[in-house]
Amino acid sequence: MPPTDTTSPADPLPERAADGTPGKPPTRVPCGIKFEKVVKRFGDNVVLDHLNFEVAAGERVTLIGPSGSGKTTILRLLMTLEHPDGGIIRVGDDPLWHMERGGKLVKANERHLHEMRKRIGMVFQQFNLFPNMNVLRNLTEGPVHVLGLGKDEAVERARGLLDMIGLADKEDAHPTQLSGGQQQRVAIARALAMEPTVLLLDEVTSALDPELVVGVQDLLRDIAANTDVTMLCVTHEMGFAKDISNRVLMFDQGRIVEEGTPEAIFEDPEEDRTREFLSAILAT
Ligand SMILES: Nc1ncnc2c1ncn2[C@@H]1O[C@H](COP(=O)(O)OP(=O)(O)OP(=O)(O)O)[C@@H](O)[C@H]1O
Ligand SMILES: [Mg+2]
């Protein structure tokens with residue numbers, strides 16, 4: 006588990022890489038996630054109420070729970086698409102929304118957020134590829150403009166990923182020329198092109214026609230089996246969750262009701278709330 010000492014040396018994110026090259030992507034270090042008393046409100050609606058949980062570096066955790074329980078909000082906070090109203094979120098050793106200055110945590114500036122975002126990739130339910138760019142550019146845009154990778158290197162990385170997802174022949178296609186399953190595989194490849202250490206997956210197969218689900222799930226099984234990326238995945242597909250995750254967290258009303266191995270949660274849950282939820286899922 007990464008240390009969480011808030012008094013560790015300030016400025017853990019050097020402006021330059023260790024060799025002094027400006028703009029060079031930072032060395033990839035496996036990162037876990039930690040929520041410490043995180044509060045998130047939308048108006049009077051307290052969605053996360055002093056939430057604590059941890060995902061170890063390289064661990065694969067699935068979040069389950071009823072609609073509105075706060076699953077997407079957790080991922081959006083990690084993507085810095087929403088800001089917390091209280092508490093600390095850490096990605097690796099570093100706070101996401103704060104910086105350490107003189108032994109104290111202060112609100113993060115844009116540069117800190119920009120550096121931290123490089124650690125995290127997300128794939129959404131709706132495959133939100135850049136519609137005006139072909140597949141290859143969808144994969145090279147972030148690495149070139151955010152990571153500062155050279156164009157040739159970004160193209161080489163993108164082609165390797167397209168090969169991996171079985172879409173090497175589609176690099177010139179635009180998103181509208183692809184099936185939903187193909188678009189979602191490209192969205193996964195686009196997230197991986199940034200070489201994130203944390204991959205967030207929000208119901209990535211739920212908008213797909215049933216026959217397209219298998220290809221996307223198989224790709225994610227491969228990623229889980231062959232990489233050390235930390236995965237936080239929202240899915241109600243229990244077989245898939247069993248295959249890819251080490252641990253399942255059951256959420257309700259922004260709190261963890263129960264957690265355990267996929268086998269324990271899906272086959273022998275202890276809490277009534279988990280049993281009720283799983284029965285409802287099985288009935289759909
Ligand atoms: N931008 C927003 N503005 C206001 N309320 C929001 C916003 N985003 C989420 N909420 C509210 O926060 C709560 C949690 O929403 P969230 O999307 O995290 O749930 P979820 O667990 O992902 O649900 P689902 O399974 O339906 O995707 C809900 O009550 C929702 O209405
Ligand atoms: Mg959601």
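Numbering follows my numbering, with no gaps: position 115 of the sequence shown is 120. Heads up, the beta-carbon is just placed ideally off N, CA and C, and yes, glycines get one too.
| Check | Outcome |
| --- | --- |
| Inspect the CB distances between the segment 37 to 48 and the segment 56 to 68 and report whether three or more fall short of 8 Å. | yes |
| Since G126 is in the alpha helix (DSSP H), which residue starts that stretch and which ends it? | That residue, G126, is in no alpha helix (DSSP H); its beta strand (DSSP E) goes 125 to 128. |
| H55 lies in the alpha helix (DSSP H); which residues open and close that run? | H55 -> not in any alpha helix (DSSP H); beta strand (DSSP E) instead, spanning 50 to 60. |
| Using 10 angstroms around the beta-carbon of D273, count the other beta-carbons present and answer buried if the total reaches 16, otherwise exposed. | exposed |
| Among the candidates A229, V239, V43, whose CA atom is the shortest distance from the CA of P130? | In the sequence on display, residue 130 carries Gln and not Pro. Cα-wise, what sits closest to Q130 is V239. |
| Return yes when the C-beta of N50 is under 7 Å from any heavy atom of ligand 1, and no when it is not. | yes |
| Is it buried or exposed, D214, if we count other Cβ atoms within 10 angstroms and call 16 or more buried? | exposed |
| To the nearest angstrom, how far is the alpha carbon of A256 from that of P267? | Before going further, note that residue 256 is Phe rather than Ala in the sequence given. Taking the straight line from one Cα to the other gives about 14 Å. |
| Do K45 and D90 count as a contact pair if the criterion is CB distance below 8 Å? | yes |
| Please write down, chain order preserved, every residue whose beta carbon lies under 7 Å from a heavy atom of ligand 2. | K76, T77, D207, E208, V239 |
| Quick check on F47: does DSSP put it in helix, strand or coil? | strand |
| With distance defined between alpha-carbon atoms, name the residue in T235, D174, R280, I79 nearest to P35. | T235 |
| With a threshold of 7 Å on Cβ separation, who are the neighbours of N143 within its own chain once the five nearest residues in sequence on each side are excluded? | L134, F135, V191, R195 |
| With distances taken from CA atoms, which of L167, L141, D168, M169 is nearest K156? | L141 |
| How would you label A163, buried or exposed, when you count the other beta carbons within 10 angstroms and need 16 or more for buried? | buried |
| Among the candidates G73, G108, R33, whose CA atom is the shortest distance from the CA of F47? | G73 |
| Provide the residue(s) that pair with M104 in DSSP beta bridges, ordered along the chain. | V111 |
| So for G185, helix, strand or coil by DSSP? | helix |
| Under DSSP, the beta strand (DSSP E) around L224 begins and ends at which residues? | Looking at the DSSP string, L224 is not in any beta strand (DSSP E); the run it does join, the alpha helix (DSSP H), is 215 to 231. |
| So, helix, strand or coil for F40, using DSSP? | strand |
| Within a Cβ cutoff of 7 Å, which residues of the same chain sit near F132, ignoring the five residues on either side of it in sequence? | G185, Q188, Q189, A192 |
| Would DSSP call E263 helix, strand or coil? | strand |
| In whole angstroms, what separates the C-alpha of V253 from that of L166? | 28 Å |
| Please check the pair R124 and V203, which I expect to be a contact at CB under 8 Å, by giving their CB distance rounded to whole angstroms. | 6 Å |
| Pick out whichever of L197, V52, A246, I69 has its Cα sitting closest to the Cα of E146. | L197 |
| Which runs of the alpha helix (DSSP H), 4 residues or longer, sit entirely within the segment 235 to 260? | 243 to 249 |
| Looking only at C-alpha atoms, which of F282, E263, R65 sits nearest to A246? | R65 |
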